[in-house]
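Participant: I'd like to ask some things about the structure below.
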Amino acid sequence: MVAPTMRNRALQPQLTTLVLLGITAIASVVAIAWFAGHGTTNQLFDRIHELQSAPPMWVVAPKMLGEYFLFWTVALMATVLIIMRLFPRPTRWPRAVVIGILGALAIRYLTWRSLTTLNLSTPLNGVFSIGLFFLELLLLSNGIIQLVLLLRSRDRRVQADQLAPDILEGRYRPSVDILIPSYNEPEFILRRTLIGCQALNYDNKTIYLLDDTHRPWAKALAEELGCEYRTRPDNRHAKAGNLNYTIPRTNGELIVVFDADFIPTQDFLVRTVGFFQDPSVALVQTPQSFYNPDPIARNLGMEDVLTPEEEVFYRQIQRVRDGAGG
0 MVAPTMRNRA
10 LQPQLTTLVL
20 LGITAIASVV
30 AIAWFAGHGT
40 TNQLFDRIHE
50 LQSAPPMWVV
60 APKMLGEYFL
70 FWTVALMATV
80 LIIMRLFPRP
90 TRWPRAVVIG
100 ILGALAIRYL
110 TWRSLTTLNL
120 STPLNGVFSI
130 GLFFLELLLL
140 SNGIIQLVLL
150 LRSRDRRVQA
160 DQLAPDILEG
170 RYRPSVDILI
180 PSYNEPEFIL
190 RRTLIGCQAL
200 NYDNKTIYLL
210 DDTHRPWAKA
220 LAEELGCEYR
230 TRPDNRHAKA
240 GNLNYTIPRT
250 NGELIVVFDA
260 DFIPTQDFLV
270 RTVGFFQDPS
280 VALVQTPQSF
290 YNPDPIARNL
300 GMEDVLTPEE
310 EVFYRQIQRV
320 RDGAGG
């Protein structure tokens, strides 16, 4: 039974939904009037088409490097590359400079795109041209928002440094259960992961190998490396079911979950457990790196040049979300 207040709240449309519906309705009315040959609407789009056909010179995209705008575009991009080279780990002001330059270039592109490239010669051409432009505008807006949020990117390494002494000196050392769910990984993969977890610089820990395929060698491996071995009657709901079955059967104050092919750094717990001294913290997520190259970059022979997508997600996007309260 759903409470009336919650049911009413669920039926209330969000402001964003109302705005999008309003824009769609207005665009539909304008398109219908244009196709119907409404005089005022036709005159408006004819006038816009004339401006698109003869735009101001400062809007037109330059075609030669010696031209004013193209020269400054190349110069700005060169500045961005130089700053990135000088500051591989950017501080606040280099990041602000780069974001400002990229924002200016995006606005310059948007000005050119909106004032010179739309095809409004007929209603049919106009609908497709404007529709494509608005789709591109949505993508560009998303990119600009991410650039702005980058100014608030949060780096927790300093905070981890400040909290680590509490762990190292024993002032805060809760019990930690390390759960490693496994299904069909080979022995050499599991062995590396278990050895890596045993090497963690933290005494008050228990490592559990959660074997979802009842392999005798996995049980022997867990015993050999001093780990707890757990199975369950079935393997319903895959890894989530494996974890949900085991968690109520452990008693650690904190829980760490590693995939079966993860190898944590030796100071992983030293740099993460301290965050839980804050009673409002319920979960800490850390970045991860892959020791095999990104497949796309490897196929292109650019694994030393292109940043893997996972690295961008964990070391950039997640920091932006953290800085924005996400």
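Counted from 1, the sequence shown has number 51 at position 52 by numbering that gives the first Met the number 0; the numbering is strictly sequential.
For each residue, glycine too, the CB sits at the ideal point set by N, CA and C.
Source: prediction; values computed, not measured.
If we call anything under 8 Å between Cβ atoms a contact, is aspartate 293 one with proline 307?
Facilitator: yes
Participant: Any idea if tryptophan 326 is buried or exposed, counting beta-carbon neighbours within 10 angstroms, 16 or more meaning buried?
Facilitator: As displayed, the chain neither begins before 0 nor continues past 325, which places residue 326 out of reach and without an answer.
Participant: State buried or exposed for glycine 125, treating a residue as buried only when at least 16 other CB atoms are found within 10 Å of its CB.
Facilitator: buried
Participant: From the DSSP output, which residues share a beta bridge with glutamate 222?
Facilitator: Glutamate 222 pairs with nothing; no bridge assigned.
Participant: Skipping 5 residues on each side, what residues in its chain have a beta carbon closer than 6 Å to that of leucine 114?
Facilitator: Pro54, Val58
Participant: My understanding is that lysine 204 touches leucine 268, with C-beta atoms under 8 Å, so please give their C-beta distance in whole angstroms.
Facilitator: 7 Å
Participant: Leaving aside the five residues before and after alanine 296 along the sequence, list all residues of the same chain whose C-beta is less than 8 Å from its C-beta, in chain order.
Facilitator: Setting aside the 5 residues that flank it on each side, alanine 296 is surrounded in the same chain by Glu302, Val304, Leu305, Pro307, each with a C-beta closer than 8 Å to its C-beta; the list follows chain order.
Participant: Would you identify the three-state DSSP class for serine 181, choosing helix, strand or coil?
Facilitator: strand
Participant: Just list the residues that DSSP pairs isoleucine 206 with in beta bridges.
Facilitator: Ile177
Participant: If you compare alpha carbons, which of Gly251, Asp258, Val18, Leu224 is closest to leucine 239?
Facilitator: According to the sequence displayed, residue 239 carries alanine and not leucine. Closest option to alanine 239, Cα to Cα, is Asp258.
Participant: Under three-state DSSP, which class holds leucine 119?
Facilitator: coil
Participant: In three-state terms, what does DSSP make of arginine 318?
Facilitator: helix
Participant: Quick check on arginine 297: does DSSP put it in helix, strand or coil?
Facilitator: In the structure shown, arginine 297 falls within a helical segment according to DSSP collapsed to helix, strand and coil.
Participant: Pull up the distance between the alpha-carbon of asparagine 250 and that of aspartate 176, whole angstroms please.
Facilitator: 8 Å
Participant: Going by C-alpha distance, which of Thr23, Thr212, Ile106, Leu69 is nearest arginine 235?
Facilitator: The candidate whose alpha carbon is nearest that of arginine 235 is Thr212.
Participant: Looking at C-beta atoms only, is the number of pairs between the segment 150 to 161 and the segment 214 to 233 that lie closer than 8 Å three or more?
Facilitator: no
Participant: What does the alpha-carbon distance come out to for the pair glycine 38 and leucine 119?
Facilitator: Each residue's Cα considered, the two are about 15 Å apart.
Participant: Classify glutamate 135 as helix, strand or coil using the three-state DSSP reduction.
Facilitator: helix
Participant: Can you give me the Cβ contacts of alanine 30 inside the same chain, cut-off strictly under 8 Å, excluding the 5 residues immediately before and after it?
Facilitator: Pro122, Val126
Participant: Buried or exposed for glycine 21, please, with buried defined as at least 16 other CB atoms from any protein chain shown within 10 angstroms of its CB.
Facilitator: exposed
Participant: Below 8 Å on the Cβ atoms is my guess for isoleucine 98 versus leucine 149; work out the distance and round it to an integer in Å.
Facilitator: Indeed, because the Cβ distance is near 6 Å, the residues count as touching under 8 Å.
Participant: Roughly how many angstroms separate the alpha carbons of leucine 330 and asparagine 41, rounded to a whole number?
Facilitator: Missing from the structure shown is residue 330; the chain here goes from 0 to 325 and no further.
Participant: Report all residues from its chain with a CB closer than 6 Å to the CB of aspartate 165; omit the five preceding and five following residues, and keep chain order.
Facilitator: Tyr171, Gly273
Participant: Quick check for students: name the residue ranges of the alpha helix (DSSP H) that lie wholly in the segment 237 to 275, counting only runs of 4 or more.
Facilitator: 237 to 245
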